[in-house]
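Residue numbers (the working numbering): 29 to 512. Backbone N, C-alpha and C fix where the C-beta goes; we use that ideal spot for every residue, glycine too.
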C-alpha cells in the first residue's frame with residue numbers, strides 16, 4: 029500500500045479573488061477589497077470563505093456606494109470592519125483555554141502587537157522575564173497558537189486570529205499591553221511611527237500619539253505616498269480632543285498632501301471637509317480655502333465657485349497679509365467668468381497695498397507679475413512698461429519664478445491679441461540653474477520655442493473663447509499665488 033502525503037498550502041490572491049467573485053459578484057470586488065481579504069485571512073481557505081460569508085450577510089455595509097446595478101462596491105475598509113467569523117472565534121477560544129497563565133499573556137501580547145515580533149519583544153510586552161518568555165513562546169508554538177512567521181519572528185498565522193484574541197481582552201489589560209507595546213516599538217530603529225502611534229493612542233498617551241502621527245505623515249510625504257499621508261491625518265483629525273493648534277497644523281499638512289497627490293476631484297473633497305470643520309482656526313481655514321478656490325477655478329474648471337471660495341479666503345486671511353495678497357492677486361486676473369473688469373482692477377489695487385504691507389519681496393513679485401498679466405490680457409499697453417520693471421536678477425528664486433511667469437503670460441497675451449511678433453520678442457522661460465552656473469540668479473535669454481510658429485490669433489493650441497492659450501506658465505493657475 030502506497031502512502032501519499034498531500035500538503036495543502038494557503039490560497040494565493042487570484043484564488044481568493046475567484047472565491048470572492050463567485051460569492052459576491054465581480055462588480056462588488058474592488059482590487060483593494062480582494063487584497064485586504066487575502067491579507068486578513070492569510071489565504072486560509074476556510075477563513076477566507078467564512079469572512080466572505082460574513083461580508084455577504086452583514087447589513088448594512090459601511091458607506092456602501094451604489095454601483096450600476098445598485099449594490100455596494102466593497103473596499104478594504106469593509107474587510108477591516110467585518111466581525112471575526114464565529115467559527116474562527118470558537119477555535120481560538122478553545123486553543124487559548126488550554127494555555128497556562130504566562131503562555132496566555134504572551135499570546136495576548138502577540139494579539140496587541142498584531143505583527144511579527146521577536147522573542148524579546150513578545151516577552152517585554154507580556155511583562156515576562158527572558159526565561160519565562162522563552163518557555164511561554166515554546167508552549168504557544170507547540171499548541172499552534174503562534175507560528176514562526178520568519179527567522180526569529182513570531183505571531184498569529186493570520187490577522188483575524190489576532191483580532192479574535194484581542195476582542196477577548198478586558199479594557200484595563202488592553203491598555204496596559206498597548207503601553208508596553210509603545211515602549212517596545214519606540215526602541216526599534218527605524219521607529220515604525222504609524223504602528224507606534226496606534227499603541228500610544230490605545231494606551232491614552234495622546235500627546236505622544238500626535239507626535240508619532242505627524243512623524244509618520246512626514247515620512248510618507250517624503251516618500252511621496254500621499255494617500256498614506258491623507259489616511260493618517262484624516263483619521264487623526266476625526267479623533268475628538270485634538271486641540272486647535274494641533275488641528276491647524278495637521279489640517280495644513282493634509283491639505284498640502286492632498287493638493288500634491290490626488291486627482292482634482294478627490295482633492296476638492298478633502299479640502300472641502302477641512303474648510304467645513306468648525307473646530308479649525310479661522311486662519312488655517314482661510315489658507316486651505318485659498319488652495320480650494322484656485323483648484324476649483326483652474327483644475328476643475330468652475331470659475332464661479334472658485335471665485336466665491338477665494339473671496340471667503342480673503343476675509344479669513346485678514347491677519348496674514350502674505351496669503352491674503354496672493355488670494356487678491358488671483359481675483360485680479362480677468363479669467364473668472366463673473367464680474368466686470370473694474371472688480372478685477374479693484375482686487376489688483378488691494379493686492380498691491382496688502383503685498384506692500386506684508387514686507388515680503390516674493391509676494392510683491394507675485395502681485396507685480398499678476399499686474400502685467402491683467403493689463404496685457406485686456407490690451408492695456410501699460411502692461412509692457414510694467415513688464416520691463418519685473419525683477420530680472422535676484423538671489424531669491426521665488427522672485428525669478430514670478431518674473432518668468434509674468435514674461436510667459438505677457439507673451440501669451442500678445443498671441444491672443446494678435447501681436448505675434450511681439451510674442452516672439454518677449455517670450456522667455458526660466459532655465460533651471462545648476463550649481464556653479466554663471467547665470468544662476470538670472471532670468472535666461474528669450475527662448476522662442478512654442479511661439480515662433482504662431483502666425484496669427486487663430487493659431488491657438490488650446491481652443492475655445494476665454495480659455496488660456498499657448499504658453500500657460502501659471503496664468504490664472506496656482507502659480508499665480510505661488511506659495512514658495
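- request: Within the region 164-242, note down every full beta strand (DSSP E) run reaching 3 residues or more, in order along the chain.
  value: 175-178 and 181-183
- prompt: Do you know how far the Cα of residue 354 is from the Cα of residue 156?
  reply: 60 Å
Nearest residue (CA-CA) to residue 168, options 133, 350 and 321: 133
query: If we count the other Cβ atoms within 10 Å of its Cβ and call it buried at 16 or more, is residue 4 buried or exposed?
result: Because residue 4 is not part of the residues shown, which for the chain are 29 to 512, the question remains open.
Per DSSP, cross-strand counterpart(s) of residue 448: Residue 448 pairs with nothing; no bridge assigned.
As assigned by DSSP and simplified to three states, the class of residue 421: Three-state DSSP puts residue 421 in a strand.
- request: Could you tell me which residues DSSP pairs with residue 145 in its beta bridges?
  value: Residue 145 is bridged to 182.
message: Between the alpha carbons of residue 276 and residue 51, how many angstroms are there, rounded?
response: 45 Å
message: Can you check which of these residues, 61, 47 and 350, is closest to residue 381 by C-alpha distance?
response: 350
message: Three or more C-beta pairs under 8 Å: does that hold for the region 159-166 against the region 189-209?
response: no
query: For residue 39, does the three-state DSSP call read helix, strand or coil?
result: coil
query: Which stretch, first to last residue, makes up the alpha helix (DSSP H) that contains residue 107?
result: 104-109
task: With a threshold of 16 other CB atoms inside 10 Å of the CB of residue 29, please say whether the residue is buried or exposed.
output: exposed
field: Segment contact, 8 Å Cβ cut-off, at least three pairs: the region 136-145 with the region 176-189
entry: Taking 8 Å as the limit for Cβ pairs, the verdict is that the region 176-189 does touch the region 136-145.
message: Which same chain residues end up closer than 6 Å to residue 208 when comparing Cβ atoms and leaving out the 5 residues on each side of it in sequence?
response: 153
- request: Within its chain, find whatever has a CB closer than 6 Å to the CB of residue 248; leave out the 5 residues flanking it on each side and keep chain order.
  value: 256 and 257
field: Identified DSSP bridge partners for residue 57
entry: Under the DSSP definition of a beta bridge, residue 57 partners with 102.
- prompt: Closest to residue 325 by CA distance: which of 339, 312 and 313 is it?
  reply: Nearest C-alpha to residue 325: 339.
Which listed residue (188, 319, 413 and 368) has its alpha carbon closest to that of residue 397: Closest in C-alpha terms to residue 397, from the list 188, 319, 413 and 368, comes 413.
query: Residue range of the alpha helix (DSSP H) that residue 413 falls in?
result: 410-416
task: Could you spell out the range, first to last residue, of the alpha helix (DSSP H) harbouring residue 326?
output: Here residue 326 belongs to no alpha helix (DSSP H), and DSSP marks it neither H nor E.
query: What residue range is occupied by the uninterrupted alpha helix (DSSP H) comprising residue 112?
result: Counting along the chain, residue 112 falls outside any alpha helix (DSSP H), and DSSP gives it neither H nor E.
- request: Along the alpha helix (DSSP H) that carries residue 72, what are the first and last residues, could you check?
  value: Here residue 72 belongs to no alpha helix (DSSP H), and DSSP marks it neither H nor E.
query: Where residue 172 and residue 211 are concerned, what is the direct C-alpha to C-alpha distance, given to the nearest angstrom?
result: One C-alpha to the other measures close to 28 Å.
task: Decide if residue 20 is buried, meaning its Cβ has at least 16 other Cβ atoms within 10 Å, or exposed.
output: A question about residue 20 goes unanswered here, because the residues of the chain that appear run from 29 up to 512.
Backbone secondary structure at residue 491 - three-state DSSP: At residue 491, the pLDDT of 23 sits below 50, so the modelled position is not reliable and the matter cannot be decided from this model.
Counted within 10 angstroms of its Cβ, other Cβ atoms place residue 71 as buried (16 or more) or exposed: buried
field: chain D within 8 Å of residue 304, Cβ atoms only
entry: This model lacks chain D altogether, as it is built from one protein chain only.
- prompt: Taking the alpha carbon of residue 424 as the point to measure from, which residue in 388, 400 and 445 has its own alpha carbon closest?
  reply: Comparing Cα positions, the closest option is 388.
task: Give me the Cα-Cα distance between residue 219 and residue 427, rounded to the nearest whole angstrom.
output: 39 Å
task: Take residue 232 as the anchor and find which of 32, 201, 410 and 259 has the nearest alpha-carbon.
output: 201
query: Beta-carbon separation of residue 48 and residue 80 under 8 Å?
result: Their beta carbons are under 8 Å apart, which means residue 48 touches residue 80 by this criterion.
- prompt: Which class does residue 255 belong to by DSSP, given the choice of helix, strand or coil?
  reply: helix
- request: For the alpha helix (DSSP H) containing residue 348, list its first residue and its last residue.
  value: Looking at the DSSP string, residue 348 is not in any alpha helix (DSSP H), and its letter there is neither H nor E.
- prompt: Using the C-alpha atoms, what's the distance from residue 128 back to residue 31?
  reply: If you take the alpha carbons of residue 31 and residue 128, they lie about 37 Å apart.
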